[in-house]
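In the working numbering, the protein residues as written are 21 to 153.
Glycine residues also receive a C-beta, built at the ideal position from the N, C-alpha and C atoms.
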């Protein structure tokens, strides 16, 4: 599968004020980012859209809009990049397809060796018994 390309024109960013301690800038600088991504209106493949809509993730609303809030960093640009990285990770987790496990059978020789080793171990344990004179 080819790597997914996220069209950044489909992503809406809103600058908001971050929560928590921030010193002098806390009430006047908007450093946090709200990222909004509409799954239905995106150019993602239909399979990934369906998987995203079925996912039980608190960041996905019932309307099919992903909302990510980034406020880890003090810089607006770094929070924007952090939000995009988290969006890409969420989409990649929906795009991941696990490889199908094919059950295998042990070979005849491995079965024979296993039984022989068990018999040998049993003989060793039998010889540990009480010695009669």
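1) In whole angstroms, what separates the C-alpha of residue 91 from that of residue 120?
2) What is the residue span of the beta strand (DSSP E) that residue 85 lies within?
3) Please determine if the segment 140 to 150 and the segment 98 to 118 are in contact, where contact requires at least 3 C-beta pairs separated by less than 8 angstroms.
4) Thinking C-beta only, is residue 38 closer than 8 angstroms to residue 52?
5) Note the first and the last residue of the continuous beta strand (DSSP E) segment covering residue 53.
6) Thinking just about the alpha-carbon of each residue, which of 137, 153 and 57 is nearest to the one in residue 82?
7) Please go through the segment 64 to 126 and give each complete beta strand (DSSP E) segment of 3 or more residues, from N-terminal end onward.
8) Residues in its own chain within less than 7 angstroms of residue 73 by CB, not counting five upstream and five downstream?
9) With residue 86 and residue 76 assumed to form a contact (beta carbons below 8 angstroms), what rounded beta-carbon distance in angstroms separates them?
10) Under 8 angstroms, do residue 32 and residue 63 count as touching if we go by C-beta distance?
Let me lay it out:
1) For the purposes of this step, residue 91 is taken as residue 71 along the chain shown, with counting starting at 1. For the purposes of this step, residue 120 is taken as residue 100 along the chain shown, with counting starting at 1. Rounded to whole angstroms, residue 91 and residue 120 show a C-alpha spacing of 39 angstroms.
2) Position 65 of the chain shown, counted from the first residue, corresponds to residue 85. 85 to 90 is the extent of the beta strand (DSSP E) around residue 85.
3) No, the segment 140 to 150 does not touch the segment 98 to 118.
4) By 1-based counting over the chain shown, the position of residue 52 is 32. By 1-based counting over the chain shown, the position of residue 38 is 18. Taking 8 angstroms as the cut-off, the beta carbon of residue 52 is found closer than this to the beta carbon of residue 38.
5) Position 33 of the chain shown, counted from the start, is the residue given in the question as residue 53. Annotation: the continuous beta strand (DSSP E) that includes residue 53 extends over 52 to 58.
6) The count along the chain shown starts at 1 and reaches residue 82 at position 62. Cα-wise, what sits closest to residue 82 is 57.
7) Within the segment 64 to 126, the beta strand (DSSP E) runs of at least 3 residues that lie entirely inside it are, in chain order, 85 to 90.
8) As a working mapping, residue 73 is identified with position 53 in the chain shown. Around residue 73: 59 and 84.
9) For this step, residue 86 is matched to residue 66 along the chain shown. For this step, residue 76 is matched to residue 56 along the chain shown. Actually they do not touch by this definition, with Cβ atoms about 13 angstroms apart.
10) As a position in the chain shown, residue 32 is number 12, starting the count at 1. As a position in the chain shown, residue 63 is number 43, starting the count at 1. With respect to the 8 angstroms criterion, residue 32 and residue 63 are not classified as neighbours on the basis of their beta carbons.
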